[in-house]
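Reading through the structure tokens given below for one structure.
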Amino acid sequence: MYMRTKYIKIIITAIFLASCQNTMDTTKTQKLLEVSSTSEIYSTKPIEEISFVPNNVASWLGHLIMIDKTGSILRANASDRTTKLVATGSYKDVIGTSLKNKSGLFFAINNQGVIEAFIETTNSGDFTFLENINALDGFIKFCETTRSNNKIIAIKNNRKIFNITYRINEKEKSIITTETEIKFPASSCLTSKSVNLLGKYNLTLNDKLLELNGDQNGRIILKITNGLSIKGTNYPSGVHLTNQNMGSVFNKGLIAVTLEEESRIILLSLKHIENEALELIKPS
């Protein structure tokens, strides 16, 4: 009986030490990266979704396309201080395109599940609704793709995924869309978005923490602190990234962070974040 008790104690001690070692290893590979926001954009209501429409001719005219808490669609350039209204209604999701030497274009899913399209029609950045000659419905969300080859991917409420090709008639302000069912991972449509940095880390939002998770390089917590004139935040609600040139300090891309119960978004220079992360993980 004594020997059995002794062995049990040894096993429990070994498990405890292993647990402590794992905790210490996790702590050792977790680092904190504190950055102040590059700029911010104000809206009338909190923002829930963001996508991007870059401009390869005049990069500073690229757009952030947003959906606010009421379901309205808004737009802004990265240099703007406030958003501008594109369409009222009750929209659920939005996705921009990146078409070279063509007018800016984005798609939105309304609360009936119908995909709508909007095209940039003025030099001041106004977008106009395109009449869809073959409107597609039953959709709940767009899927992450390159969005640069006249097609997008979206998922329907029956979890079937479709490749959507489109043809625009700018003169008549109309669009024709066709759908083809495809095999595509539903996780790219339904799970929370993660975006890749440096080829080593995925930037995700996990329980109000912005995390850069790397398989071999540990875990970095990204904390947005107060700057000289821009408040930081402890309550991010979403993270959205583009590596396209959005002008000025965002010429290598930007990270847009939405906030809980705040009518503003924080913009971070993608290049600055990558440089700071490289400095943090650099061997001492």
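Everything in the sequence shown is counted per this note's numbering, starting at 1163 for the first residue and increasing by one. The C-beta atom is built at its ideal place from N, Cα and C for all residues, glycine as well.
Rounded straight-line distance, which links the Cα of residue j to that of residue i
i: Q1406; j: L1416; result: 8 Å
i: G1258; j: S1265; result: 12 Å
i: E1196; j: I1212; result: 23 Å
i: T1185; j: A1240; result: Unreliable placement is indicated for T1185, whose pLDDT of 42 sits below 50; the coordinate value is still reported in the next sentence. In a straight line, the C-alpha of T1185 is about 41 Å away from that of A1240.
i: N1320; j: R1243; result: 40 Å
i: S1181; j: T1191; result: With a pLDDT of only 42 at S1181, under the threshold of 50, the placement of this residue in the model should not be trusted; the figure read from the coordinates follows. Cα to Cα, S1181 sits roughly 16 Å from T1191.
i: T1387; j: P1398; result: 12 Å
i: N1218; j: N1331; result: 21 Å
i: N1375; j: E1293; result: 43 Å
i: R1237; j: I1203; result: 10 Å
i: E1278; j: T1290; result: 11 Å
i: F1412; j: M1228; result: 18 Å
i: I1106; j: S1199; result: Past the boundaries of the shown model lies residue 1106; the chain is included only from 1163 to 1446, so the question cannot be answered.
i: K1385; j: L1194; result: 7 Å
i: I1173; j: S1260; result: Reliability fails at I1173, whose pLDDT of 32 lies under 50, so the model's placement of it is uncertain and no value is given.
i: A1439; j: S1431; result: 12 Å
i: S1205; j: T1395; result: 16 Å
i: S1425; j: L1247; result: 14 Å
i: K1231; j: H1225; result: 19 Å
i: T1188; j: P1445; result: With a pLDDT of 47 at T1188, under the threshold of 50, the modelled position of that residue is not reliable, and the figure given next carries that caveat. Approximately 18 Å, taken between the alpha carbons.
i: I1271; j: E1341; result: 15 Å
i: P1216; j: M1408; result: 6 Å
i: C1351; j: L1390; result: 38 Å
i: A1249; j: G1380; result: 43 Å
i: K1433; j: V1419; result: 16 Å
i: S1336; j: V1401; result: 32 Å
i: T1283; j: E1334; result: 12 Å
i: E1441; j: I1435; result: 10 Å
i: S1286; j: C1305; result: 29 Å
i: K1207; j: S1252; result: 14 Å
i: Q1183; j: L1298; result: Note that Q1183 has pLDDT 41, beneath the 50 cutoff, so the model's placement of it is unreliable and no number is given.
i: I1443; j: Y1363; result: 11 Å
i: F1214; j: L1223; result: 11 Å
i: L1372; j: N1437; result: 17 Å
i: I1235; j: D1288; result: 12 Å
Opposing strand residues paired with residue i [DSSP bridges]
i: S1201; result: L1429
i: Y1397; result: In DSSP, Y1397 forms no bridge with anything.
i: M1255; result: With the sequence shown as reference, residue 1255 is identified as Asp, and Met is not the correct amino acid for it. In DSSP, D1255 forms a bridge with I1271.
i: L1371; result: N1368
i: E1282; result: F1289
i: I1314; result: I1326
i: E1196; result: K1385
i: L1403; result: I1417
i: E1438; result: Answer is none; E1438 lacks a bridge partner.
i: E1424; result: Per DSSP, none; premise fails for E1424.
i: E1211; result: I1229
i: I1443; result: Answer by DSSP bridge pairing: none, since I1443 is not bridged.
i: I1277; result: I1271
First and last residue of the uninterrupted alpha helix (DSSP H) at residue i
i: T1191; result: Y1164 to T1191
Span of the beta strand (DSSP E), counted from its first residue to its last, around residue i
i: G1380; result: G1380 to T1387
i: R1237; result: I1235 to N1239
i: R1329; result: I1323 to N1331
i: V1248; result: K1246 to A1249
i: I1295; result: Here I1295 belongs to no beta strand (DSSP E), and DSSP marks it neither H nor E.
i: V1219; result: Where V1219 is concerned, there is no enclosing beta strand (DSSP E), given that its DSSP letter is neither H nor E.
i: F1304; result: F1301 to F1304
i: E1341; result: S1336 to I1344
i: D1230; result: H1225 to D1230
i: T1420; result: L1416 to L1421
Whole-Å CB distance - residue i paired with residue j, under 8 Å assumed
i: I1317; j: I1323; result: 5 Å
i: T1109; j: N1296; result: Because residue 1109 is not part of the residues shown, which for the chain are 1163 to 1446, the question remains open.
i: F1346; j: I1315; result: 6 Å
i: L1365; j: L1403; result: 7 Å
i: N1107; j: K1254; result: Past the boundaries of the shown model lies residue 1107; the chain is included only from 1163 to 1446, so the question cannot be answered.
i: N1312; j: Y1328; result: 6 Å
i: S1201; j: L1429; result: 5 Å
i: V1276; j: F1268; result: At roughly 15 Å, the Cβ-Cβ gap does not stay under 8 Å, so V1276 and F1268 are not in contact.
i: I1427; j: I1209; result: 5 Å
Below-9 Å beta-carbon distance, residue i vs any chain D residue
i: N1405; result: Absent from the structure: chain D. Only one protein chain is present.
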